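Just so it is clear: in the sequence shown, position 43 is 43 by UniProt numbering, and no numbers are missing.
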Amino acid sequence: MINYPLKSYPLEKLLIKEMKVRILGSGTSTGVPQIGCSCPVCTSPDPKDNRLRASAIVETEDARILIDCGPDFRAQVLHLPFEKIDGVLITHEHYDHVGGLDDLRPFCRFGAVPIYAEEYVAQALRLRMPYCFVDHRYPGVPDIPLQEVVAGQAFSIHRAEVVPLRVMHGRLPILGYRIGRLGYITDMLTMPEESYEQLEGIDVLIMNALRIAPHPTHQSLEEALKAAERIRAKETYFIHMSHDMGLHEKVEKGLPENVHLTYDGMEIIF
Numbered sequence: 001m002i003n004y005p006l007k008s009y010p011l012e013k014l015l016i017k018e019m020k021v022r023i024l025g026s027g028t029s030t031g032v033p034q035i036g037c038s039c040p041v042c043t044s045p046d047p048k049d050n051r052l053r054a055s056a057i058v059e060t061e062d063a064r065i066l067i068d069c070g071p072d073f074r075a076q077v078l079h080l081p082f083e084k085i086d087g088v089l090i091t092h093e094h095y096d097h098v099g100g101l102d103d104l105r106p107f108c109r110f111g112a113v114p115i116y117a118e119e120y121v122a123q124a125l126r127l128r129m130p131y132c133f134v135d136h137r138y139p140g141v142p143d144i145p146l147q148e149v150v151a152g153q154a155f156s157i158h159r160a161e162v163v164p165l166r167v168m169h170g171r172l173p174i175l176g177y178r179i180g181r182l183g184y185i186t187d188m189l190t191m192p193e194e195s196y197e198q199l200e201g202i203d204v205l206i207m208n209a210l211r212i213a214p215h216p217t218h219q220s221l222e223e224a225l226k227a228a229e230r231i232r233a234k235e236t237y238f239i240h241m242s243h244d245m246g247l248h249e250k251v252e253k254g255l256p257e258n259v260h261l262t263y264d265g266m267e268i269i270f
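Spelled out as structure tokens, the structure:
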């Protein structure tokens with residue numbers, strides 16, 4: 001893996017011609033419906049109100065990249081074509097974003113599946129899954145080598161150029177990612193100025209919006225709309241939503257024309 005200082009990295013390297021994003025899960029850590037809840041969202045017959053834990057697959061011309069790998073990963077991919085995953089981008093160590101990493105083992109038939117994470121997250125994964133990161137693994141253990149990344153330093157997965165972005169999950173520093181013309185941010189409450197600058201010129205922004213009311217560690221809908229207005233992507237899609245966001249159909253109707261709610265299975269091609 002080669003790291004490049006972001007400020008000297010040529011912008012044309014970030015301009016991937018065609019991309020497809022598949023939303024594997026659009027929900028928060030509890031998912032929707034939430035266990036034990038009988039609210040109108042959790043009992044809604046609309047499949048767009050059923051939300052597995054947040055994750056996405058990004059496809060470029062020559063790379064297939066998974067962003068986060070939560071506990072719903074197996075269910076999310078069982079019905080999809082079985083194809084090589086070229087790398088996994090981890091935003092942070094919380095279970096709803098890493099709880100499915102062991103389920104990558106079938107994909108290791110194609111070869112190792114590198115996991116890209118910042119240093120403290122990599123350390124946490126070594127403690128949580130030590131059997132994956134020893135010198136002599138027993139048969140069947142997933143081959144998921146850790147590649148440590150640094151916010152603001154670009155790297156490549158094949159010809160896809162990836163820029164880790166610093167965002168704040170309350171007081172916890174985590175990562176968002178820019179992949180060419182795509183920005184992907186989840187679990188954010190705030191973001192430093194340099195990360196806004198690193199998102200300039202994107203076409204599609206996928207960003208968290210937890211619920212209507214404010215939250216101490218995640219953006220509310222109003223906060224997400226303000227951040228989206230500042231980033232000015234051509235199209236913005238909200239992800240990582242709880243049942244407190246409200247019914248998909250109702251909320252979607254009240255959004256600006258170029259802002260949308262994601263739903264499980266949604267495909268975005270641009």
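The beta-carbon is built from N, C-alpha and C at its ideal position, and this holds for glycine as well. Please read all numbers here as calculations on a predicted model, not as lab measurements.
| Asked | Found |
| --- | --- |
| Rounded C-alpha distance that separates residue 244 from residue 80 | 29 Å |
| Where residue 10 falls: helix, strand or coil (DSSP) | Residue placement at residue 10 cannot be trusted, given a pLDDT of 48 that sits under 50; the coordinates are not used to answer. |
| Proximity of residue 240 and residue 174 at Cβ, strictly below 8 Å | no |
| Segment limits, alpha helix (DSSP H) that includes residue 257 | Run containing residue 257: none; DSSP gives neither H nor E here. |
| Classification of residue 208 by the beta-carbon crowding that lies within 10 angstroms, buried from 16 upward | buried |
| Range covered by the beta strand (DSSP E) that runs through residue 97 | First-last for residue 97: 95 to 98, but that is the alpha helix (DSSP H), not the beta strand (DSSP E). |
| Cβ-Cβ distance between residue 269 and residue 20 below 8 Å | yes |
| Cβ contact (3+ pairs, closer than 8 Å) linking the region 62 to 78 and the region 90 to 104 | yes |
| For residue 28 and residue 221, believed in contact at Cβ under 8 Å, the rounded distance | The Cβ separation is near 13 Å, so there is no contact. |
| Contact check, residue 179 vs residue 144, beta carbons under 8 Å | no |
| Option nearest residue 150 by Cα separation, candidates 165, 156, 83 and 157 | 165 |
| Buried or exposed by the 16-neighbour rule on C-beta atoms within 10 Å, applied to residue 142 | buried |
| Proximal residues to residue 148 (C-beta, below 6 Å), its chain only, five neighbours per side dropped | 119 and 122 |
| Classification of residue 213 by the beta-carbon crowding that lies within 10 angstroms, buried from 16 upward | exposed |
| C-alpha distance - residue 1 paired with residue 155, whole-angstrom precision | Low local confidence applies: a pLDDT of 38 at residue 1 is under 50, so the model's placement there is unreliable, with the coordinate-based value given in what follows. Cα to Cα, the separation comes out at about 7 Å. |
| Three-state secondary structure assigned by DSSP to residue 181 | coil |
| Every unbroken alpha helix (DSSP H) inside the region 102 to 144 [4 residues or more] | 119 to 128 |
| Cβ neighbours of residue 236 in the same chain (closer than 6 Å, five flanking residues each side left out) | 205, 228 and 259 |
| Sequence-distant residues of its chain with Cβ nearer than 8 Å to residue 18 (five each side left out) | 60, 61, 269 and 270 |
| Contacting residues, own chain, Cβ-Cβ under 8 Å from residue 247 (five flanking each side not counted) | 40, 41, 44, 46 and 49 |
| Backbone CA spacing between residue 250 and residue 95 [nearest angstrom] | 30 Å |
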